[in-house]
Amino acid sequence: MEVYSGGLVWVLIIICLFFFTFVLAKYLLRRRKFDHLPPGRRGWPLIGNSLSWYAAIASSHPSQFAQEQAKRYGKIFSCRLFGEWSVVSVDPTFNRFIMQNEGKLFQSSYPKSFRDLVGKNGVITVQGEQQRRFHAIAANMMRVEKPKFHFLEDIQMVMQQTLQKFHDNETILLQDVCRKANMLLQVSINLMVNQLLGVSSESEINEMAQSFSDFVDGCISIPINFPGLPYHTAMKAREKIISKIYKTIEMLRQLQGASQVGNGVLGRLVNEENLADETVADFIINLLFAGSETTAKTMLFAVYFLTHCPTAMKQLLDEQEGLRRSKSVEDKMLSWQDYKAMSFTQCVIDETLRLAGIAIWLMREAKEDVVYEEYMIPKGCSVVAFTAGVHLDENVYKGALTFNPWRWMDPEKQEMRNWRSSPFYTPFGGGARFCPGAELARLQIALFLHYFVTAYRWTQLKKDRMSFFPSARLVQGFHIRLNRRHQSVKKLILVLLCEGEEERDNGIEKKWGKGKDKIDDEDITFQRMVAKMQEVSGERGGYLHGRGALDSDDLLYLKEQMEAEEDAERLLRRTEKRAFAAFKISFIYMSDFILLILSGI
């Protein structure tokens, strides 16, 4: 019995020795593989540098942690993220190397929560031949000819329908409005039935927008499926979206029997590509995720930056008002040539994407041992191309944290500005995973800015800031009060014509030969009046009026319209003092130029 027990002990000792030797050998081998990693620090046990990483992402300066590490270790460094060693790059050349070798040396790699939500068959997560196939389908759908000829009018209709619903002096959360104004979200829902088959109901759009908001917020979260946690909420939102897609696929199959399928992207996936329903659903979710939420947030950030930069706001407004005045009353839709003529607006879009690009990093994994300069990145190692670190680098962009759209007007910056090939400016990624909807996204943002800034002026009601965790957003949703931009001009004309409601209406009928409602629609006429009023104001010190005729917002609008700042200040200072006397003087001049305008109409 003792001999048997002694033998068992020796067996256990040998097993333990073998196990210890195996673990030690594996550790040493792994350590040797990581010996040639870029320099860096381990951080805290288990969590590594994840807390510092996420603290920076949740701030308005997402690349702060990466740039601090780059100062200590170089633009390519290593740290512990997501429980494993990762190589992080804020080097534009290495970032481009990563993008250009997609599918060869590197492949996409995202956290479990992200993979679960976007689906295993999505164009964002699939690899190899299937990724190239899906990317080609998406690229064909959104190539330049499609936005130019097929989507241009639809985008403008969606913008107008969304923005015309707001009333004067209404308060809104612009973050929610941008989601609803995003044409791609609405059109993509329609694509599930048939490409541009019809416009979905407002309740359906609102439901899908909320579902996608919940979906996006859970993409970078702890994958614990427990009620109340972001991951659980996001998975429930995914179920709703998937259910909608499956119902649409069934509808398509019914239409197929009646030869009414059409050539929409969903119809092509179901019929021509011979894909399983699960694969089709994942593809559509990827399409919506990549193209809708990201574009909506860029619209939001553009307005946010313009709000805090009045000079840029005025220059953009002047450009858009010029386009607006160039259109006839019968044809107010913008053309592709109008879009291409928005030179300063394009600078605003570029600067917004530089400062607040939605895809601030690209997550990849080494497919094999990769040698780059003096470093060796072992197979399976996580690699993060931190594009925001380049966009916010003071060595690349002077005043990198400042919103400065004029930087893109520099002729020497045009090569750097090329978002298709520049390593210094990569808001749409690059290589085999370059965003196929880049031009469509820019078109939507430009048209949204046109219709928003020409229709409204706004006042920010709450202090707000950017955050990029769990997704790109403004923390408070950007709470603003809207005022219709041309409403004050109309009110001013009516006040200056005559005093009193009854007298005013009679005066309008007599002088104009038409009712007040008809006059309110003649924006072009009012623009001419404003120009003449400014001219008269410069000669006689302002077209002042009695107290109570216009509110403070109207005075602010008049101030913005004045060409000379001194005249505007004088207008505001003298409003109370010289109201009665100045009104008489102004009325004489106003009568002259109104008769002049009317004689030319």
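Adding 14 to a residue's 1-based position in the sequence shown gives its number in this note's numbering. Cβ atoms here follow ideal geometry from the backbone N, Cα and C, with glycine treated the same way.
Checking 8 Å against the spacing of the C-beta atoms, do residue i and residue j come in under that value?
i    : j    : result
A446 : E116 : yes
V397 : F438 : no
V101 : K89  : no
Q170 : L461 : yes
D478 : V467 : no
I92  : P125 : What sits at residue 92 in the sequence shown is Ser, not Ile. No, the pair does not count as a contact, with Cβ atoms beyond the cut-off.
M327 : L320 : yes
A414 : T366 : no
L406 : S77  : yes
A310 : C192 : yes
G305 : A153 : no
M423 : C323 : no
K465 : Q174 : Looking at the sequence shown, residue 465 is not Lys but Tyr. Going by C-beta atoms, Y465 is nearer than 8 Å to Q174.
Y245 : I238 : yes
D291 : Y318 : no
F267 : D364 : Checking the displayed sequence, the identity of residue 267 turns out to be Arg instead of Phe. No, Cβ-Cβ distance for R267 and D364 is not below 8 Å.
F448 : L187 : no
What is the DSSP secondary structure of residue i, counted as helix, strand or coil?
i    : result
M423 : helix
N103 : Strictly speaking, residue 103 in this sequence is Ser, with Asn absent from that position. Three-state result, S103: strand.
T440 : coil
E583 : In this predicted model, E583 has a pLDDT of only 42, less than 50, meaning its place in the structure is not dependable; the value taken from the coordinates is given anyway. Reduced to three states, the DSSP call for E583 is helix.
R499 : coil
I640 : Residue 640 is absent from the model: the chain starts at 15 and stops at 615.
Y318 : helix
R487 : strand
W472 : strand
L187 : strand
H181 : coil
C192 : helix
L31  : helix
M156 : coil
F108 : helix
I90  : strand
Q141 : coil
I169 : helix
F462 : helix
I263 : helix
F120 : strand
G521 : Low local confidence applies: a pLDDT of 47 at G521 is under 50, so the model's placement there is unreliable, and no value is given.
L289 : coil
S235 : coil
S481 : strand
L301 : helix
L454 : helix
V25  : helix
Give me the Cβ distance between residue i and residue j, rounded to the nearest whole Å; I'm assuming they're in contact under 8 Å.
i    : j    : result
F165 : I234 : 30 Å between Cβ atoms; not a contact.
S485 : V230 : 5 Å
V132 : F297 : Between F297 and V132 the Cβ distance is about 10 Å, and since that is not below 8 Å, they are no contact.
F120 : E379 : 7 Å
S481 : A70  : That pair is no contact at about 11 Å.
M113 : A452 : That pair is no contact at about 14 Å.
P106 : V404 : 5 Å
L337 : F226 : At roughly 31 Å, the Cβ-Cβ gap does not stay under 8 Å, so L337 and F226 are not in contact.
R498 : Y470 : 6 Å
T293 : N135 : 4 Å
Shortest alpha-carbon distance to residue i belongs to which of the options?
i    : options                : result
A402 : Q224, F79, R471, D332  : F79
T473 : M480, P484, I494       : I494
A84  : D182, R55, V385, D383  : R55
M222 : F240, K341, A248, G451 : A248
L475 : N183, R252, W67        : N183
N418 : M356, K341, Q329       : Q329
I263 : L289, Q141, P244, H246 : L289
L496 : P392, P106, G443, Q178 : Q178
I299 : F442, N239, M377, F148 : F148
I374 : F303, H75, W58         : H75
Q189 : R94, E307, Q334, R431  : E307
G97  : R86, K261, R110, S64   : S64
R434 : K427, E426, G444, P425 : G444
F358 : I61, K346, Q334        : Q334
E167 : A469, Q458, G491       : Q458
K381 : L26, I28, K118, A355   : K118
S123 : K393, P425, L283, S342 : K393
T440 : L376, L95, L348, V25   : L376
>> At 4 residues or longer, what runs of the alpha helix (DSSP H) sit wholly inside the stretch 336 to 417?
In response: 350 to 354, 357 to 370, 401 to 405
> Of all the alpha helix (DSSP H) runs that stay within the bounds of the stretch 46 to 87, which reach a length of 4 or more residues?
Replying inline: 64 to 71, 78 to 87
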